[in-house]
Each structure stands twice: as C-alpha cells, then as structure tokens.
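Student: Next up is a structure, given as structure tokens.
Numbering (full-length UniProt numbering), first residue to last: 1 to 330.
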C-alpha cells in the first residue's frame with residue numbers, strides 16, 4: 001500500500017521537505033496543504049541571502065549551501081538562485097567574529113577588509129567582512145520547488161489545518177512546517193513572530209549585498225534590489241507604517257547615498273517564525289479512534305529559513321526513513 005504523507009505549509013520549509021522526501025522515496029503519495037496564496041506567505045518576500053547566525057546549525061547550513069551550489073551550476077537564475085558577493089559592516093567586532101565562526105568555511109571568499117578597503121563605503125563602520133554566497137529569491141525559488149514537486153506527482157490543497165489529528169486519520173506521516181502556526185498545532189508556545197519589512201527598488205546596477213549590523217541591508221535580486229529592514233520580536237501587525245519607511249530609508253541612505261533617487265517597486269512585510277532552537281523532531285500521535293500516525297516537526301527557523309531549508313529537509317528525510325517501511329530508490 002502506498003504511504004501517504006501530508007505536509008502542512010507550502011513555503012520554503014514545507015516544499016523543501018516534500019521535495020527531499022520524493023527525491024529519496026519517489027513512490028510516496030504526498031499532499032502539501034496551504035491556508036493562503038503564496039503571495040501572502042512569509043516565503044514570498046525574502047531575497048534569501050545565505051547567511052548563518054548560530055553555530056549549532058552549521059551542518060544544516062552546509063547541506064543547503066551544497067544544494068544551492070548544484071542548482072546554481074545546473075540551472076541558475078531561472079530557479080531564483082544566484083551567486084552574489086558583498087559585505088557586512090559593523091562597529092561590533094564580536095558580531096562579525098560570530099559570523100566568521102558560523103560560516104567562513106562554508107561560503108566562498110570569506111575575508112576581513114583592511115583599513116584602506118573600508119574607504120570604498122560612503123560611511124564605513126570600524127570593521128567589515130566580505131564573502132560570496134547565494135541568494136534564493138523567494139518569489140522565484142519556491143515556485144521552482146513547486147514545479148519540481150508537481151512533476152514528481154505531489155498534490156497541493158488549499159485548506160487551513162487546525163489539528164494534526166484531522167490529517168492523521170488519512171495520512172501515515174504528517175510533516176509540520178506551518179511556520180507561525182506550527183507551534184499552535186503542537187501546543188508549543190516558544191514560537192514568536194519577528195516582524196520584518198523589505199522595500200524593493202529599481203537599482204539593478206547595484207550588484208553586491210551590503211549589511212550594517214545585520215539590520216540595515218541591501219540584497220540584489222535577479223531584476224531589482226531589496227532594502228530593509230526591521231526586526232521586531234513579538235510584534236505581529238502586518239501594516240507597513242510611514243515610521244517603518246522613514247526608519248529604513250534613513251539608515252539605508254546613510255549607508256548607500258546613491259539610492260536616494262531609486263524608484264520604489266514594491267513593499268513587503270512578513271512575520272518570521274522564530275524559536276530559540278529550531279524544532280526538528282519526530283513524535284507518534286493517535287487519532288480519537290486510536291489510529292497511530294507519525295509527526296515530524298520542522299519549524300522555528302526565524303530569519304534563516306532559506307539558509308537552513310535544504311539541510312532541515314534532509315533531516316526530515318532521515319527521520320522519516322527511520323519510521324517508514326519503504327524502499328529507497330538508491
């Protein structure tokens with residue numbers, strides 16, 4: 001009998017988990033559930049610069065970086081993946097040393113800028129690092145994942161899932177990648193929103209990413225430039241205020257005065273699902289009538305959702321393989 005898998009969430013985590021499962025186990029019957037159009041999800045907005053914040057996630061980040069390298073070499077921009085170089089500036093030496101510890105041997109061309117090299121910036125900080133990495137542009141990369149999933153037979157259903165048990169009656173395995181809603185489904189109150197705002201501008205000549213202190217950012221996409229941001233823990237309103245705009249533009253123009261006449265193309269606001277530690281584990285549950293089913297939780301990635309997406313997806317596959325009695329194609 002064909003094993004039935006339900007994935008809750010059609011963002012980058014859910015789609016990556018589903019695709020990794022189907023690449024390993026092509027005979028699975030997979031359905032991905034989403035409660036809103038993709039354009040309204042958190043995965044739609046980000047420019048997805050590969051960057052890591054916590055040492056504990058290095059293994060997953062490395063797996064994602066290897067995957068993005070393969071996509072870049074074989075497919076490139078049509079999948080939303082492009083190779084980009086740039087800098088992070090800060091007066092906080094420890095912040096940059098933490099970035100070095102997290103990813104210097106994962107990304108390409110990592111290095112510290114010398115004093116004379118800081119003069120390339122209009123208003124430099126005391127310290128700066130340089131590296132080459134990937135962007136996985138959400139509005140292109142996730143639809144590319146979806147196309148791959150459909151080619152492999154995955155189905156998509158528009159439906160809000162209010163409990164795991166409602167799926168457990170029909171599916172053998174449920175993957176919980178529901179973002180902010182993931183915690184509600186398993187009574188986990190450790191998931192909190194981090195409010196973020198990005199402004200897309202017409203500045204295609206801007207070819208390098210540039211950060212100051214991980215909050216003031218510019219990230220080039222295949223067709224435009226994303227600037228931002230705010231990072232407000234616990235705030236969940238989804239209205240971009242004039243205060244947001246002025247705050248972002250004041251900081252960005254201090255860093256990059258050449259953007260003062262850039263035309264605004266769009267604005268995006270989203271809530272990143274943050275948890276102090278990512279939850280990626282397996283549990284067995286029962287429906288009201290006693291049917292056992294397996295749940296794999298994969299949520300709480302915060303601002304590193306794209307960076308960790310494929311590495312976490314491979315962990316989902318490993319957990320699933322320890323439970324499901326299905327043969328690998330390998």
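A virtual CB, placed ideally from N, CA and C, is assigned to each residue, including glycine.
(1) Using only the alpha-carbon positions, how far apart do residue 279 and residue 182 sit?
(2) Does the structure place the stretch 194-211 close enough to the stretch 145-155 that three or more beta carbon pairs sit under 8 Å?
(3) Three-state secondary structure (DSSP) at residue 220?
(4) Within 10 angstroms of its Cβ, does residue 109 collect 16 or more other Cβ (buried), or is it exposed?
(5) Nearest-angstrom Cα distance between residue 96 and residue 72?
(6) Please confirm whether any heavy atom of the ligand ZN lies closer than 6 Å to the CB of residue 183.
(7) If you draw a straight line from the C-alpha of residue 1 to the C-alpha of residue 172, how long is it?
(8) Please state the DSSP three-state secondary structure of residue 232.
(9) For residue 147 and residue 116, I'd like the C-alpha separation in whole angstroms.
(10) Could you round the C-beta distance between residue 132 and residue 83 to whole angstroms and report it? I think they count as a contact, below 8 Å.
(11) Take the Cβ of residue 272 as the centre, count every other Cβ of all protein chains shown within 10 Å, and call the residue buried at 16 or more, exposed below.
(12) Report all residues from its chain with a CB closer than 7 Å to the CB of residue 55; omit the five preceding and five following residues, and keep chain order.
(13) Here's a check: name, in chain order, each residue in its chain whose Cβ is nearer than 7 Å to the Cβ of residue 118, leaving out the five neighbours to either side.
(14) Sort 241, 239, 260, 240 by Cα distance to residue 249 and report the nearest one.
(15) At 4 residues or longer, what runs of the alpha helix (DSSP H) sit wholly inside the stretch 83-140?
(16) Nearest-angstrom Cα distance between residue 225 and residue 303?
(17) Identify every residue that forms a DSSP beta bridge with residue 268.
(18) Can you name, in chain order, every residue of its own chain whose Cβ lies under 7 Å from the Cβ of residue 137, other than the five neighbours on each side?
(19) With DSSP as the reference, please indicate the residues paired to residue 273 in a beta bridge.
(20) By how many angstroms is the C-alpha of residue 207 removed from the C-alpha of residue 282?
(21) Expressed to the nearest angstrom, what Euclidean distance is found between the alpha-carbon atoms of residue 378 and residue 92?
(22) Report the three-state DSSP secondary structure of residue 317 (helix, strand or coil).
(23) If I follow the unbroken beta strand (DSSP E) through residue 161, where does it start and stop?
(24) Closer than 7 Å by C-beta to residue 319: which residues in its own chain qualify, once you throw out the five before and the five after it? Chain order, please.
(25) What do you get for residue 315, buried or exposed, if any count of 16 or more other CB atoms within 10 angstroms of its CB means buried?
(26) Quick check: residue 287 and residue 165, are their CB atoms within less than 7 Å of each other?
(27) Helix, strand or coil for residue 326? Go by DSSP, reduced to three states.
(28) Measuring alpha carbon to alpha carbon, tell me which residue in 232, 94, 204, 233 is nearest residue 219.
(29) Work out the CA separation of residue 144 and residue 74 for me, nearest whole Å.
Tutor: Judging by the given coordinates:
(1) 10 Å
(2) no
(3) Strand, per DSSP.
(4) Around the beta carbon of residue 109, a 10 Å sphere encloses fewer than 16 other beta carbons of the protein chains shown; the residue is thus reported as exposed.
(5) 27 Å
(6) Ligands in the displayed structure: none, and consequently the ligand ZN is not present.
(7) 11 Å
(8) strand
(9) 47 Å
(10) With a Cβ gap of about 6 Å, residue 132 and residue 83 count as contacting.
(11) buried
(12) 101, 102
(13) 124, 128
(14) 260
(15) 93-103
(16) 18 Å
(17) 198
(18) 47, 48, 80, 221, 222
(19) Paired residues: 193.
(20) 42 Å
(21) For the chain, the structure presents residues 1 to 330; residue 378 sits outside this window and is missing.
(22) helix
(23) Counting along the chain, residue 161 falls outside any beta strand (DSSP E), and DSSP gives it neither H nor E.
(24) Result list for residue 319: 282, 296, in chain order.
(25) So residue 315 counts as buried.
(26) yes
(27) Only weak support exists for where residue 326 lies, its pLDDT of 48 falling under 50; the value from the coordinates is given anyway. Here residue 326 sits in coil by DSSP.
(28) 204
(29) It is roughly 14 Å from the alpha-carbon of residue 74 to the alpha-carbon of residue 144.
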